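If you count the sequence shown from 1, position 424 lands on 589 in the working numbering, and the numbers rise without skipping.
Take a look at the structure set out below.
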Amino acid sequence: MQKLRQDLVFALRQLRRNPGFTAATVLTLALGIGANTAIFSIVSGVLLRPLPFQDGERLVQVKHGQPGPGPETVFFSVPELADYRAQSRALASWMEYHSMSFILLGYGEPDRVRTGVVSANAFDVLGVRPALGRPFREDDDRPGAPPVLLLSDHYWRSRIGGDPAIVGRTLRMNDKPITVVGVLPPLPPFPGQDDVYMPTSACPYRSSERLIHNRSAHLISLFGRLPPGGTLAAAQTEVSGLAGRLRQAHPESYPAGSETALAVVPAQDQLLGSFRPTLFLLLGTVGLVLLIACANVGNLALARLLAREREVVLRSALGAGRGRLVRQMLTESTVLALAGGALGLLFATLGRQLLVAFAQRFTPLAEEVGVDWKVLAFTLAVSLLAGIAFGLLPALHATRQDLNTALKEGGHATAGRGRHRFRNALVVLQVAVSFVLLIAAGLTVQSTLALSRVDAGFTDRNVLTATISLPFSRYRTNQKTIGFFDALLPRVEALPGVLSAALGSSVPLTGTQFTPSFRIEGRADGDTVQGGQPETRAAFHVATPGYFHTLGIPLVAGRSLQPTDGANALPVVVINRSMARHYWAGGNPVGQRIALTGGGGNGPNWLTIVGVVGDVKLEGLADAAGAGDAFYLPFAQNGAGAMNLVVRTAADPFALLPAIRGAVREIDPDQPVSDVSTLEQVRGASVAPSRLTAALLLLFGTLAFVVTAMGLAAVIAFSVTERTQEIGIRTALGAGRWEVLALVLSHGLGLVLAGLGVGAAGALAASRLLSSLLFGIRPTDPATFAAVALLLLAVVGVACYVPARRAVGIDPSVALRS
């Protein structure tokens, strides 16, 4: 401990005597360690930290996948849940969930709330107790029980203003009284992004007899809790077996060809979505940034140790062993690393809100991101490893010398080739890693640009969208819903500044579409699709006549939907270009007829195709070319209670929002307007995750690039200082200005070329890992590789030119006397 105290005091005194070296080292390490700490805080918050539920690692979701075309997930029916609950032993408890929207009345303005419909035991399964009031009880789930409601913490604070008196108050939900019994604590939204929660008995659709006893009515998602000591594998085996037995027991509800695969997955997977690969990519990136920082600081440390060669030699002559010298130098490097780690931790802490905003684009666990003991331990470990990494190798190298030779040569024994090879190897490593990071950043930036340039099939400028979902309790028939919207649309179109307005059952880029199956008149099922594929599915839409004009969707063939396509007119349909190409390749679909299947009745309800419109991206800009098959039915012939109002304006769309709300209230004072946004915002949200990931990679790549360029310039400058006599002799013997310049530049550019060669192999391997995150560009794009290589050569060449010019200006007489 006495020697450690002496080493610490000596290290601090040495660092204080060299403020430039100290500041450069601490700042470089702070950037590298801070970047690692920032990304690790996200990893810790969303991956390593247990879910904020009781024994969250035991929460699971039972997923019901469907092979082939169609939706990725098939929901469960109520009878299936009853069977699983009764027969399962591998799951200690089960809960059901689905989400619907209702209008909440009785507290301020009417508000459309996203409502989680759950079994009464849901919050017992999650291990959550309300912060105010009481949880759901078993009695709340009995048929005919008084409807009750739990508020989420976010909704309670943002919409209710945190009023505790709301508990016990009776509100109205779709004109039916409902009592608020509690407020949940602040938790990540799970299983879905819901404002409020109700038991199944309070949902008119879920509690209907036709749903409760219909095994084919798939509506709900299933979650469960493993018992203590239970495993995912055991639960998977049991649930798969139960599903097989149910198919055998109820063949009428599971027709041939409808086989599905069940999977029991951790609940955390539901909350992470597709964030895991992006997170690991960023973690690997900042790890490489730290490697570059350590290599750069290692070179600085080596240069400084070479300047202290006489001190090292004298201390060795006075009896200091090699281990003692290395330990003192490691103490100095560790002090620097800890200081850099502390500053890096400060950077990461100050940037928490930016990290949370980034993570929120991917996962609802973003609020869990913060600095906890795991992050502190990680920062300490990284700092210590960095101190050892950049301090040990230079220290061992500087002390590896013969004492007698060193004393004879005046303390310059370490000026041999080995030292230069080690220093050059660090530079090559920096250039190689920088090349890899810049390739990754370049590919993701180009991918984001390609995504932002995608033709989504519509014009998004000055288009406002809003959802109007009519309550079933008041609008029970198509005539009533059609009457409401028929009264609304002329009012909106008459507003000053409105160029056109329409209604549609969906808005582009906003999510999963309903894809029913259909048949084509005159074709057998096996001949429906070119190539003999029997499955016929397409996205289902309902729209008013002005829908395509308002969104700027082009008409390709035939005619658009018309006001004459009323309830008593010929049933018609408009299809998109992808559907026409898919089912009528080389032919004209206009005049052909299709019918939706599975509707029952007295035979197929044939729809005549009257037009073909352009393709529209439905679920996101990264959808495959063609955007999927889709068809559009006239609203007047297929009324719907939930529609999206789309309004194209001459100026700022949001300026018309109060007038639009007023037009709605004129028809129904209790009807809210929700989900208001512009199509530009919708498009921006579709690109945002890719843009943020690209921005972070570009930031880290640029940071590594700058550190590498500065490090190489420092190495060349130190090399010029070391070779002052050599350069003076060359000049005295007749070497010209350009020869000296070429001598110095060739050294730096040689290191860069060697680094590019090593980095190219690493970049090829790393780019393949990026392939799943790229859009519209190959992971081995030669233009990107060439551009990054030229950029590195150019900028590093400039960095080398500054010390090279200094070498040219060396006076031979001064150099020879030095």
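Even for Gly, the Cβ is constructed at its ideal location relative to N, Cα and C.
None of the values given here were measured: they were computed from a predicted structure.
Which of helix, strand or coil DSSP assigns to Ser670
Assigned with DSSP and collapsed to three states, Ser670 falls in coil, not helix or strand.
Given a cut-off of 7 Å, decide if Ile457 and Gln595 are closer than it, judged by their beta-carbon atoms.
yes
I think Ala606 touches Gly866, with their Cβ atoms under 8 Å apart; what is that distance to the nearest whole Å?
4 Å
Sub-7 Å separation of Thr402 and Ala176 beta-carbons
no
Write down every uninterrupted run of the alpha helix (DSSP H) in the region 812–846 whose length is 4 residues or greater and which is fully enclosed by it, in chain order.
Entirely contained in the region 812–846, the alpha helix (DSSP H) runs reaching 4 residues are, in chain order, 822–832.
Inter-residue spacing [alpha-carbon to alpha-carbon] between Gly505 and Gly185
14 Å
Cα separation between Gly793 and Thr624?
19 Å
Could you give the residue range of the beta strand (DSSP E) that holds Pro529?
Run containing Pro529: none; DSSP gives neither H nor E here.
Run of the alpha helix (DSSP H) containing Lys782, from where it starts to where it stops
Neither: Lys782 is in no alpha helix (DSSP H) and is coded neither H nor E.
So the candidates are Gly309, Arg324, Leu957; which of them puts its Cα closest to the Cα of Ser372?
Gly309
For Arg758, which residues does DSSP report across the bridge?
For Arg758, which the question treats as bridged, DSSP gives the partners Thr773.
By DSSP, does Gln167 sit in helix, in strand, or in coil?
helix
Please state whether DSSP places Ala426 in a helix, a strand or coil.
Under the three-state reduction of DSSP output, Ala426 falls in the strand class.
Is it buried or exposed for Gly751, if we count other Cβ within 10 angstroms and need 16 for buried?
exposed
Going by C-alpha to C-alpha distance, which of Ile774, Thr190, Val536 sits closest to Arg724?
Closest in alpha carbon position to Arg724, among Ile774, Thr190, Val536, is Ile774.
Exposure of Thr642, with buried meaning 16 or more beta-carbon neighbours within 10 Å
exposed
Determine the extent of the alpha helix (DSSP H) in which Asp537 is found, giving its start and end residues.
Note, Asp537: premise wrong, no alpha helix (DSSP H); not H, not E.
Runs of beta strand (DSSP E) wholly within the region 304–343 (minimum 3 residues, chain order):
313–316, 335–338
In whole angstroms, what separates the C-alpha of Leu448 from that of Val871?
20 Å
From the DSSP output, read off the bridge partner residues of Arg250.
Answer is none; Arg250 lacks a bridge partner.
If I'm right that Gly535 touches Gly210 with Cβ under 8 Å, what's the distance once you round it to whole angstroms?
In this structure, Gly535 and Gly210 form a Cβ contact; the two beta carbons are roughly 6 Å apart against a cut-off of 8 Å.
In angstroms, rounded to a whole number, what distance separates the CA positions of Pro275 and Arg830?
Each residue's alpha carbon lies about 10 Å from the other.
Which word fits Leu877, buried or exposed, when buried means at least 16 other C-beta atoms lie within 10 angstroms of its C-beta?
buried
Label Lys782 either buried or exposed according to how many other C-beta atoms from any shown protein chain fall within 10 Å of its C-beta, with 16 as the threshold for buried.
buried
Measure from the alpha carbon of Arg586 to the alpha carbon of each residue in His415, Ala919, Asp537, Val540, then state which is nearest.
Ala919
Sheet register partners of Tyr362 (DSSP bridge):
Gly281, Leu315
Mind checking Val671: buried by the 16 CB within 10 Å criterion, or exposed?
A small fix is needed here, since residue 671 is Ser in this sequence, not Val. With 16 or more Cβ atoms within 10 Å of its Cβ, Ser671 is classed as buried.
Assuming Asp835 and Ala631 make a contact with CB atoms under 8 Å, what is their CB distance in whole Å?
Asp835 to Ala631, Cβ: 16 Å. No contact.
Residue range of the unbroken alpha helix (DSSP H) whose run includes His706:
Per DSSP, His706 belongs to no alpha helix (DSSP H); it is in the beta strand (DSSP E), 704–708.
Following the continuous alpha helix (DSSP H) through Tyr262, name the residue where it begins and the one where it ends.
Where Tyr262 is concerned, there is no enclosing alpha helix (DSSP H), although the beta strand (DSSP E) it sits in stretches over 258–270.
Nearest by alpha-carbon distance to Gly669: which of Glu686, Thr762, Gly806 is it?
From the listed residues Glu686, Thr762, Gly806, the smallest Cα separation to Gly669 is found for Gly806.
Would you identify the three-state DSSP class for Asp630, choosing helix, strand or coil?
Note on identity: in this sequence residue 630 is Thr, with Asp being the wrong assignment. Reduced to three states, the DSSP call for Thr630 is strand.
Using 8 Å as the Cβ pair cut-off and three pairs as the minimum, do the region 263–277 and the region 190–207 touch?
no
Which residue marks the beginning of the beta strand (DSSP E) containing Pro369, and which one marks its end?
Run containing Pro369: none; DSSP gives neither H nor E here.
Could you tell me which of Phe240, Leu192, His229 sits nearest to Ser405, measuring between CA atoms?
His229
Go ahead and pull the three-state DSSP assignment for Tyr419.
coil
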